[in-house]
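Colleague:
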Ligand SMILES: [Fe+2]
């Protein structure tokens, strides 16, 4: 693998991106011999056989597979397919019935929103992980007892990970997504991304694993996800994917594999990817998207930041009015005392604004101080902010 050139600064902007650097990485052809447990290598994507994996789990031999998968996600192509991840597809059919029910409930009771696609082209349910457990314990249990989900998740994140799931149905005629990276930093605008030192941007890929279980057959013309193998290795990728030249490059070099109901695909969240266009007249492409998080991104102590900022707000305002805080001190104080991160949230009741991230308490507090809200108004705003983010 090519060694990355050292950069002058840990803080980069979109002016520092280089298509040539991406091209050098993505020109890599995976060597099938490096992945002896895979059943095939198709278009630079490793394919693993579900039956073989189930056998390995039964015989207590999953570690070898996990070790190989860790290599796929880190220095390898960054993406793998699990054929027959669900050997018994009636488990999927039963979960699809739960999804139908949840869609109906959503249609009747909420205005479901989706910040990733144009209205009408797709249908989405946030948090199917929790909603399916509440709707049908049996369907949930049969779906989430699948040891292959655990095998792959642990290969990248280790134990004690947290699953979240969202179902996405792309209807006939649904257009392709633009290429992007995923959560965490894939949900942030360039200005926000560039505030993180580059090592933190690179590190963030180790905190999540992205997956999708096919809940319908997905021939290529129905638009299964397009991937650009090895693109996760490009350090500045979080700043690059909005650039036209990178999008063109993605369009010319991305690969796409057909999936059958019960197959699953897993990938490094830093891999450039995009859902494809559904050019079929009649296939509703259904995927249950799995976003799996490392337990590491949590603080040591539980701190009630809502309580802290609610309690000190009137004193802050007093000091601002008396010029007792410089702007730098105020900004630092607010950053230290408020949650400045948009997630986790409830995306049904706390939808993102014009960007892909919902309003944070840090932003709320800045607005309040700037506009000199009363203590009462600020506390009410905090309460409703807290309430709309609960599951
Ligand atoms: Fe994505």
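In my numbering, the protein residues as written are 319 to 709. Ideal placement from N, C-alpha and C gives every residue a C-beta, glycine not left out. Model, not experiment: these values are computed from the prediction.
Report the residue from 673, 343, 607 and 419 whose alpha carbon sits nearest the alpha carbon of residue 547.
Modeller: Mapped onto the chain shown, residue 547 falls at position 229. Considering only alpha carbons, the answer is 343.
Colleague: Would you mind working out which of 481, 394, 443 and 679 sits nearest residue 418, comparing C-alpha positions?
Modeller: As a first step, residue 418 must be located in the chain shown, where it is residue number 100. Checked all of 481, 394, 443 and 679; the closest Cα to residue 418 is 443.
Colleague: With distances taken from CA atoms, which of 494, 567 and 551 is nearest residue 542?
Modeller: As a working mapping, residue 542 is identified with position 224 in the chain shown. When each option's Cα is compared against that of residue 542, the closest is 494.
Colleague: Which value, in whole angstroms, describes the spacing of the CA atoms of residue 349 and residue 389?
Modeller: Taking the chain shown and counting its residues from 1, one reaches residue 349 at position 31. Taking the chain shown and counting its residues from 1, one reaches residue 389 at position 71. The alpha-carbon atoms of residue 349 and residue 389 are separated by roughly 12 Å.
Colleague: May I ask you to report which of helix, strand or coil DSSP gives residue 413?
Modeller: Position 95 of the chain shown, counted from the first residue, corresponds to residue 413. Correct three-state label for residue 413: helix.
Colleague: For residue 692, does the three-state DSSP call read helix, strand or coil?
Modeller: Here the question's residue 692 lines up with position 374 in the chain shown. In the structure shown, residue 692 sits in coil (DSSP, three-state: anything other than H, G, I, E or B).
Colleague: Assuming residue 480 and residue 538 are in contact, meaning their beta carbons sit under 8 Å apart, how far apart are those beta carbons, in whole angstroms?
Modeller: Mapped onto the chain shown, residue 480 falls at position 162. Mapped onto the chain shown, residue 538 falls at position 220. In fact, because the Cβ distance is near 33 Å, the residues do not count as touching under 8 Å.
Colleague: Identify every run of the beta strand (DSSP E) within the segment 552 to 637, keeping only runs that are complete inside it and at least 3 residues long; order them along the chain.
Modeller: Those beta strand (DSSP E) runs which fall completely within the segment 552 to 637 and span 3+ residues are 582 to 585 and 603 to 611.
Colleague: Residue 653: buried (16+ other C-beta within 10 angstroms of its C-beta) or exposed?
Modeller: Mapped onto the chain shown, residue 653 falls at position 335. Under this definition residue 653 is an exposed residue.
Colleague: Spatial neighbours of residue 664 within its chain, please: C-beta separation below 8 Å, excluding the five flanking residues on both sides.
Modeller: Counting from one through the chain shown, the residue named residue 664 turns up at place 346. Contacts found: 444, 445, 706, 707, 708 and 709.
Colleague: Kindly list the residues whose CB is nearer than 7 Å to the CB of residue 559, restricted to its own chain and excluding five residues on each side of it in sequence; keep chain order.
Modeller: Numbered from its first residue, the chain shown carries residue 559 at position 241. Here the set comprises 497, 498, 499 and 590.
Colleague: Nearest CA to the CA of residue 362: which residue from 675, 532, 571 and 689?
Modeller: Numbered from 1 along the chain shown, position 44 holds the residue referred to as residue 362. Ranking 675, 532, 571 and 689 by Cα distance to residue 362 puts 571 first.
Colleague: Would you kindly check if the distance between the Cβ of residue 583 and the Cβ of residue 409 is under 8 Å?
Modeller: Start at 1 with the first residue of the chain shown, and residue 409 comes out as number 91. Start at 1 with the first residue of the chain shown, and residue 583 comes out as number 265. Going by C-beta atoms, residue 409 is not nearer than 8 Å to residue 583.
Colleague: Take residue 329 as the anchor and find which of 367, 513 and 620 has the nearest alpha-carbon.
Modeller: As a position in the chain shown, residue 329 is number 11, starting the count at 1. Of 367, 513 and 620, the residue nearest in Cα terms is 513.
Colleague: Since residue 366 is in the beta strand (DSSP E), which residue starts that stretch and which ends it?
Modeller: Indexing the chain shown from 1 puts residue 366 at position 48. Run containing residue 366: 363 to 367, per the beta strand (DSSP E) assignment.
Colleague: Of the choices 587, 599, 639 and 656, whose alpha-carbon is the least far from that of residue 392?
Modeller: Indexing the chain shown from 1 puts residue 392 at position 74. Here the closest residue by C-alpha is 587.
Colleague: Under 7 Å from any heavy atom of ligand 1, does the C-beta of residue 498 make it?
Modeller: For this step, residue 498 is matched to residue 180 along the chain shown. Yes, ligand 1 has a heavy atom inside 7 Å of this Cβ.
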